[in-house]
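Notes to accompany the following structure.
In this note's numbering, the protein residues as written are 366 to 435.
See the structure below:
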């Protein structure tokens, strides 16, 4: 049985290079990006999805959280 966790996106500064899960653009250290966080439960940082600020502003939080990456 799969457990569904309600999530939201929070703004963070990247500490390490990472990749946007939606567009595959590299997010450099110190760049702003958005990280998935559980609204009521904990999501481990290794499985939390990360989005660049361009995707966040272009598509919005609701679309990114409910649509699978391309």
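Ideal Cβ placement from N, Cα and C applies to all residues, glycine included.
Query: Taking just the CA atoms, how far does residue 403 sit from residue 396?; Result: 22 angstroms
Query: Hey, out of 425, 405, 374, 414, whose CA is closest to residue 389's CA?; Result: 414
Query: Between residue 416 and residue 386, how many whole angstroms is the CB-CB distance? I'm expecting something under 8 angstroms.; Result: 6 angstroms
Query: Going by C-alpha to C-alpha distance, which of 406, 381, 393, 384 sits closest to residue 372?; Result: 406
Query: Would a C-beta distance cut-off of 9 angstroms place residue 399 and residue 374 closer than the cut-off?; Result: yes
Query: Kindly provide the ranges of any beta strand (DSSP E) runs that are 3 or more residues long and lie completely inside the region 382-434, ordered along the chain.; Result: 397-403, 415-417
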